[in-house]
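Heads up, the thing below is written out as structure tokens.
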Amino acid sequence: MSDAYRQAWTVSITDRDAFWGAAARAIDWVAPPQRIHDADAGWFAGGTLNTAANCLDRHVAAGRGDAPALVYDSPVIGRVRRFTYAQLLEESGRVAAMLKRLGVGKGDRVVIYMPMIPETVFAMLACARIGAIHSVVFGGFAALELAKRIDDAAPRLILTASCGIEGGRLIAYKPMVDEALALASHRVEHVVLVQRDALAADLQPPRDIDWMTLRGECAGDPIPEPAVMAANDPLYILYTSGTTGTPKGVVREHGGHAVALAWSMANIYGIGAGDCFWAASDVGWVVGHSYIVYAPLLVGATTILFEGKPVGTPDPGTFWRTIVRHGVKTFFTAPTAIRAIRKEDPDAAFLADIGTGDLQAIFLAGERADPDTIAWLEEKTGLPVIDHWWQTELGWPAIASCFALGDLRRKRGSAGFPVPGYEFVVLGEDGQPVPDGQSGSITIKAPLAPGAFRTLWNNPVGFARNFESFPGYYETGDAGHFDAEGFLHIMGRTDDIINVAGHRLSTGQMEQIVAQQDGIAECAVIGADDAIKGMIPVAFVVPRAGAADPDTLVRMVIAAVRAELGAVAALKTAYVVPQLPKTRSGKILRNLLRSIVNGQHVECPPTIEDPGVPTIIRAAVASRSAL
Numbered sequence: 049m050s051d052a053y054r055q056a057w058t059v060s061i062t063d064r065d066a067f068w069g070a071a072a073r074a075i076d077w078v079a080p081p082q083r084i085h086d087a088d089a090g091w092f093a094g095g096t097l098n099t100a101a102n103c104l105d106r107h108v109a110a111g112r113g114d115a116p117a118l119v120y121d122s123p124v125i126g127r128v129r130r131f132t133y134a135q136l137l138e139e140s141g142r143v144a145a146m147l148k149r150l151g152v153g154k155g156d157r158v159v160i161y162m163p164m165i166p167e168t169v170f171a172m173l174a175c176a177r178i179g180a181i182h183s184v185v186f187g188g189f190a191a192l193e194l195a196k197r198i199d200d201a202a203p204r205l206i207l208t209a210s211c212g213i214e215g216g217r218l219i220a221y222k223p224m225v226d227e228a229l230a231l232a233s234h235r236v237e238h239v240v241l242v243q244r245d246a247l248a249a250d251l252q253p254p255r256d257i258d259w260m261t262l263r264g265e266c267a268g269d270p271i272p273e274p275a276v277m278a279a280n281d282p283l284y285i286l287y288t289s290g291t292t293g294t295p296k297g298v299v300r301e302h303g304g305h306a307v308a309l310a311w312s313m314a315n316i317y318g319i320g321a322g323d324c325f326w327a328a329s330d331v332g333w334v335v336g337h338s339y340i341v342y343a344p345l346l347v348g349a350t351t352i353l354f355e356g357k358p359v360g361t362p363d364p365g366t367f368w369r370t371i372v373r374h375g376v377k378t379f380f381t382a383p384t385a386i387r388a389i390r391k392e393d394p395d396a397a398f399l400a401d402i403g404t405g406d407l408q409a410i411f412l413a414g415e416r417a418d419p420d421t422i423a424w425l426e427e428k429t430g431l432p433v434i435d436h437w438w439q440t441e442l443g444w445p446a447i448a449s450c451f452a453l454g455d456l457r458r459k460r461g462s463a464g465f466p467v468p469g470y471e472f473v474v475l476g477e478d479g480q481p482v483p484d485g486q487s488g489s490i491t492i493k494a495p496l497a498p499g500a501f502r503t504l505w506n507n508p509v510g511f512a513r514n515f516e517s518f519p520g521y522y523e524t525g526d527a528g529h530f531d532a533e534g535f536l537h538i539m540g541r542t543d544d545i546i547n548v549a550g551h552r553l554s555t556g557q558m559e560q561i562v563a564q565q566d567g568i569a570e571c572a573v574i575g576a577d578d579a580i581k582g583m584i585p586v587a588f589v590v591p592r593a594g595a596a597d598p599d600t601l602v603r604m605v606i607a608a609v610r611a612e613l614g615a616v617a618a619l620k621t622a623y624v625v626p627q628l629p630k631t632r633s634g635k636i637l638r639n640l641l642r643s644i645v646n647g648q649h650v651e652c653p654p655t656i657e658d659p660g661v662p663t664i665i666r667a668a669v670a671s672r673s674a675l
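Under the numbering used here, the first residue of the sequence shown is numbered 49, with each subsequent residue one higher.
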């Protein structure tokens, strides 16, 4: 354990005001905070600031206007565009003027339903500049889900584009916006649309407005001055799926968000002014909000906005090519992206040919990183690969190896150690801490660190529910354990702990075993209903190129789990499938797999990346292709 990490974590827990007061000095405040933490007002009470000004204006004022801020790299259209800090200030300022022209002001909501194009970043920063609250909805989300978010956020405007490009597919956005507005009860004043070369959309004036036409009309308007925002004013609403089917609007506040993200860039990722950082995510997800748009710009770094896929745009070398082309220092992606690359290029021939350039470290998050994937990536790149964990609700990493604090301790299968600011406790069903090595509910002692949510939009009761099971502790919904060395292991959601004939078993542990077998590119283990044992585990495996035949793979998987966990694990069923159902952020839809195996009706969720996959899975199960 590095002394810097140990000291930082200890102070953050024992004297949080001193710790976060020091961290807050990295931000330019209009008025400094009067209190670091207030039970009612939250973090940095009394302080005022503007997030967009901290991302842009202050760097330009400091003489860094010509420094590179944003690089848009789109292999799907074969284009790279670069923006300096001065240019990004100008572009986002022009969009802010557009919003002002349309009557948008402080506290108004704006829904952004856009692909990975520069205008999306301009829009987010423009909202932050004028004090409007943006709610980015993943481009291509189903109309009904978009309608739910429109009704909950009640925006004045929707900003959109004519289409998104997902690999080789064009997704027309405007028909989905029109359908969503027809379904929604709330009425927006305008839809402002970016026309892309790949597909033109039909507009319905006067509601619909062409983006570039409006920009031209506002060319003479002054760029609005940054609005003065209280630390606890909402910056954005980001919806995450709720268990009831009603989306949960996570609210992020200006002050804690800016301080936490700036601290994380310097102390977790090792990124500062002039460095190049790439988070290979989408702005529709929390990773995109935090680490494509805001965090890199807060510290004066260069951020990459990538419109493409890890494979197929055009090949499994596209990530390495992007890293080398732009001099990326720290790279952040999902384990599923690495597994997709490995499936297409198991020997890492593209990586060997292209190299990793200036890259110093790779971070993984979004889905549990199995040890075999980490081992492969570390072997092929020769770089530290750091799994870390956080949630939409938290907004930034809560478990990690703090690379920039000199703490490179890693254990494959663990997400690392509690990040300064977070006090984790593993609790049993009785609400008491469990011994090291014993699994329980992963919780975080209140108050949550700066940057974490303090409410849900229009739903304070739903927010309070996160603290009901264990009063004084935030229930993450994940299960896991601390080991004897202090590593925290996230083994899956609490509902992934299955009860097999009275034995509590972790499907995450089984997945870890399955993933280590030769020829397995990816896997998922779920608990299926069983009349005798209550539940039994069922595995789904995706083979790598050149793997053994399906029957051999199934036998190997079942034998491996039995050998390591014993017959009590009762894994006797495995299916070999070409791919697993995932969200566009890379999370495997295990609930969908569970429903298919249990013979239940399956609704294709709006977050799914490929709607055809459930049909493939259903056919595999129906054919009883398992041994």
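All C-beta atoms in this analysis are idealised placements derived from N, C-alpha and C, irrespective of residue type, glycine included.
Contacts around residue i, its chain only, beta-carbon distance under 6 Å, and the 5 residues preceding and following it disregarded
i: residue 459; result: 535
i: residue 386; result: 421, 425
i: residue 336; result: 329, 330
i: residue 383; result: 412, 415, 417, 421
i: residue 608; result: 561, 565
i: residue 71; result: 307, 311
Backbone CA spacing between residue i and residue j [nearest angstrom]
i: residue 473; j: residue 96; result: 33 Å
i: residue 323; j: residue 254; result: 44 Å
i: residue 502; j: residue 653; result: 27 Å
i: residue 506; j: residue 623; result: 43 Å
i: residue 345; j: residue 195; result: 31 Å
i: residue 497; j: residue 470; result: 6 Å
i: residue 357; j: residue 657; result: 12 Å
i: residue 197; j: residue 241; result: 19 Å
i: residue 121; j: residue 214; result: 14 Å
i: residue 373; j: residue 135; result: 21 Å
i: residue 307; j: residue 318; result: 16 Å
i: residue 86; j: residue 64; result: 12 Å
i: residue 523; j: residue 642; result: 23 Å
i: residue 478; j: residue 540; result: 20 Å
i: residue 272; j: residue 508; result: 33 Å
i: residue 292; j: residue 647; result: Residue confidence for residue 292 is low, a pLDDT of 47 falling below 50, so the modelled location carries little weight; the figure read from the coordinates is stated next. Each residue's alpha carbon lies about 21 Å from the other.
Inter-residue CB distance, residue i and residue j (contact presumed, cutoff 8 Å)
i: residue 192; j: residue 231; result: 6 Å
i: residue 435; j: residue 490; result: Actually they do not touch by this definition, with Cβ atoms about 15 Å apart.
i: residue 236; j: residue 205; result: 6 Å
i: residue 678; j: residue 631; result: Outside the modelled stretch of the chain, which goes from 49 to 675, sits residue 678, for which no answer is possible.
i: residue 169; j: residue 118; result: 6 Å
i: residue 312; j: residue 394; result: 33 Å between Cβ atoms; not a contact.
Own chain, CB closer than 8 Å to residue i, minus 5 neighbours either side, in chain order
i: residue 376; result: 324, 325, 326, 352, 370, 405, 406, 407
i: residue 520; result: 493, 494
i: residue 56; result: 67, 315, 450, 453, 468
i: residue 54; result: none
Beta-carbon proximity check, residue i vs residue j, cutoff 9 Å
i: residue 52; j: residue 454; result: yes
i: residue 388; j: residue 433; result: no
i: residue 156; j: residue 297; result: no
i: residue 605; j: residue 565; result: yes
i: residue 103; j: residue 342; result: yes
i: residue 558; j: residue 617; result: yes
i: residue 443; j: residue 302; result: no
i: residue 546; j: residue 585; result: yes
i: residue 147; j: residue 178; result: yes
i: residue 568; j: residue 613; result: no
i: residue 391; j: residue 516; result: no
i: residue 166; j: residue 139; result: yes
i: residue 282; j: residue 221; result: no
Own chain residues within Cβ distance below 7 Å of residue i, not counting five before or after
i: residue 123; result: 356, 361, 362, 366
i: residue 537; result: 461, 462, 528, 529, 531
i: residue 645; result: 574, 576, 586, 669
i: residue 83; result: 93, 94
i: residue 61; result: 471
Residue i beta carbon near the ligand COA (any heavy atom closer than 8 Å)
i: residue 266; result: With respect to the ligand COA, the structure offers nothing, as it holds no ligand at all.
Mind listing, in chain order, the continuous alpha helix (DSSP H) runs of no fewer than 4 residues lying wholly within the region 170-208?
191-201
Length at least 3, wholly inside the region 464-495: the beta strand (DSSP E) runs in chain order
472-475, 488-493
List in chain order: all unbroken alpha helix (DSSP H) runs of 4+ residues lying wholly within the region 507-576.
508-512, 555-563
Return the chain-ordered ranges of every beta strand (DSSP E) run that is complete within the region 130-168 and spans a minimum of 3 residues.
157-161
Of all the beta strand (DSSP E) runs that stay within the bounds of the region 288-349, which reach a length of 3 or more residues?
296-301, 324-327
Whole beta strand (DSSP E) elements within the region 425-469, 3-residue minimum
433-435
Just list the beta strand (DSSP E) runs in the region 613-653, keeping only unbroken ones of 3 residues or longer that don't cross its boundaries, in chain order.
621-624
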